[in-house]
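Visitor:
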């Protein structure tokens, strides 16, 4: 049986050629605009470096409470310490002078200090905990995002290095004259680029584009998603939310989503679902790029093949286009010890192979047929997303895993390049935005807060 794009729910792939042509045209226009927008990059990066608000800049209730505790606790503790010390000194002084007035004053100050401790310190220290519990109650099931701009990690730092290095050629007249000419040439180019950009923006405004769309057109985004897969794809819910956020924030035809996949494969149903989640990106009109630094085999490649472009490090493992199932059986061992197991089913093929039941030739044949059906669906899924493999899909779907340098020759990947190299190559044209869940910080150095929240959630 051969599966079509409609069978997989990928109906938008039927006109993929037309969409690819439109996307290429849009990207070509975008690249031209970006080159004229580069003179604004230094100002943009400077604003980001000096603390322009990012995804982490806004203080939530928990952080605000912790900040309040950090600024207020010192005052309360200082007053408490002074009162306790002075009260203790007055109380001790009475043992030498035997004057009741000092005793009363000392006891009064100690009492005031304890009240200050109870009303001030305990209240401030418990505020973050109370805020966290309240926040947990309000936003149960919601994800707190930590959105970061990563361009500074990938952009060239030549200017910084030139500033630090000793200039052995300073004072040479010919070099000084050349520097002035180069500076003037760069200034002229900057003015020309600015003028061209102004003309392009005027044309965009005349065409009726919104201000937000114009900004995104001349500075698109590349959303980075990191996927570490296990056998059951335990991170599928997070992947779903990350993709939904990227689709919500992205602009079709301009932005791209880069998924860094690390997975040796696993359950076909779960990795099929993960691949369908990635297909949502292409369906929304965003470009999908996959980077493989170590491994994307079997189910990992089932996901990766959905990309418009696949980049892999030279020694990364990719492919393993096959299906495997291991079913241990102890039926004969149980029979040997006179232990009888009854497997009762309704339906001829309800149970073909299992751990306890008798293994029959008919059951093994049917089980093999089911695996072959999955394998056929796997291969058709690959051909639909990488049509260049259609003529030799049988050659690469033997279940073998290939080094990326071999996989490129076989058409399984597009280019040998690490994820860092790829992000470095686009950092001047795209804002690289990392989408990840905000790390949960513990308020106390021990697990009391987590224990209390667990009790609260159960209640």
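Residue numbers (this note's numbering): 255 to 713. Glycine included, every Cβ here is placed at the ideal spot set by N, Cα and C. Since this is a predicted model, take the numbers as computed values, not measurements.
1) Considering only C-alpha positions, which residue in the set 595, 488, 576, 575 is nearest to residue 583?
2) On the three-state DSSP scale, how would you describe residue 527?
3) Should the region 477-487 be regarded as contacting the region 449-465, the criterion being three or more beta carbon pairs within less than 8 Å?
4) How do the region 645-654 and the region 557-572 stand: do at least 3 beta-carbon pairs fall below 8 Å, yes or no?
5) At the level of alpha carbons, what is the spacing between residue 679 and residue 541?
6) Looking only at C-alpha atoms, which of 672, 573, 581 sits nearest to residue 657?
7) Using the C-alpha atoms, what's the distance from residue 662 back to residue 668?
8) Mapping DSSP to helix, strand and coil, what is residue 657?
9) Helix or strand or just coil, what does DSSP make of residue 677?
10) Determine the DSSP secondary structure at residue 458, reduced to helix, strand or coil.
11) Give the C-beta separation of residue 556 and residue 526 to the nearest angstrom, bearing in mind that I take them to be a contact with Cβ-Cβ under 8 Å.
12) Provide the residue(s) that pair with residue 517 in DSSP beta bridges, ordered along the chain.
13) For a test of the three-state rule: what should DSSP assign to residue 510, helix, strand or coil?
14) Using the Cα positions of residue 433 and residue 524, report the straight-line distance between them to the nearest angstrom.
15) Identify every residue that forms a DSSP beta bridge with residue 565.
16) Put residue 573 into one of helix, strand or coil per three-state DSSP.
17) Have a look at 577, 521, 495 and flag the residue whose alpha-carbon is nearest the alpha-carbon of residue 396.
18) According to the neighbour-count rule (16 or more other Cβ atoms, all chains shown, within 10 Å of its Cβ), is residue 673 buried or exposed?
19) Looking at C-alpha atoms only, which residue of 454, 646, 431, 499 is the closest neighbour of residue 665?
20) In terms of residue numbering, what span does the alpha helix (DSSP H) encompassing residue 230 cover?
21) By the three-class DSSP mapping on this structure, what secondary structure does residue 683 have?
22) For residue 448 and residue 531, I'd like the C-alpha separation in whole angstroms.
23) Are residue 629 and residue 577 close, meaning C-beta to C-beta below 9 Å?
24) So who's on the other strand from residue 479, going by DSSP bridges?
25) Rank 473, 399, 450 by C-alpha distance to the C-alpha of residue 688 and give the top, closest one.
26) Which of the three DSSP states, helix, strand or coil, is assigned to residue 288?
27) Once DSSP output is grouped into helix, strand and coil, what is the label at residue 625?
28) Sort 528, 468, 549, 521 by Cα distance to residue 509 and report the nearest one.
29) Cα separation between residue 319 and residue 439?
30) Buried or exposed: where does residue 588 fall if 16 or more other Cβ atoms within 10 Å of its Cβ makes it buried?
31) If we call anything under 9 Å between Cβ atoms a contact, is residue 537 one with residue 483?
32) With DSSP as the reference, label residue 499 as helix, strand or coil.
33) Is residue 486 helix, strand or coil when you go by DSSP?
34) By the three-class DSSP mapping on this structure, what secondary structure does residue 439 have?
35) Check the C-beta distance from residue 481 over to residue 515 and give it rounded, since I have them as a contact under 8 Å.
Guide: In brief:
1) 595
2) helix
3) no
4) No, the region 645-654 does not touch the region 557-572.
5) 16 Å
6) 573
7) 6 Å
8) Residue 657 falls in the strand class under three-state DSSP.
9) helix
10) helix
11) Contact holds; Cβ gap of about 7 Å.
12) 550
13) strand
14) 60 Å
15) 545, 669
16) Three-state result, residue 573: strand.
17) Comparing alpha carbon positions, the residue from 577, 521, 495 closest to residue 396 is 495.
18) buried
19) Looking at the Cα atoms, 646 is the closest of the given residues.
20) No answer is possible for residue 230: the residues shown for the chain start at 255 and end at 713.
21) In the three-state DSSP reduction, residue 683 falls in the coil class, being neither helix nor strand.
22) 40 Å
23) yes
24) 513
25) Comparing Cα positions, the closest option is 399.
26) Note that residue 288 scores 45 on pLDDT, short of 50, meaning its location in the model is unreliable and no value can be drawn from it.
27) helix
28) 468
29) Low per-residue confidence applies at residue 319: pLDDT is 49, beneath 50, and the placement is therefore not dependable enough to give any value.
30) Residue 588 is exposed by the Cβ-count criterion.
31) no
32) helix
33) coil
34) helix
35) 5 Å
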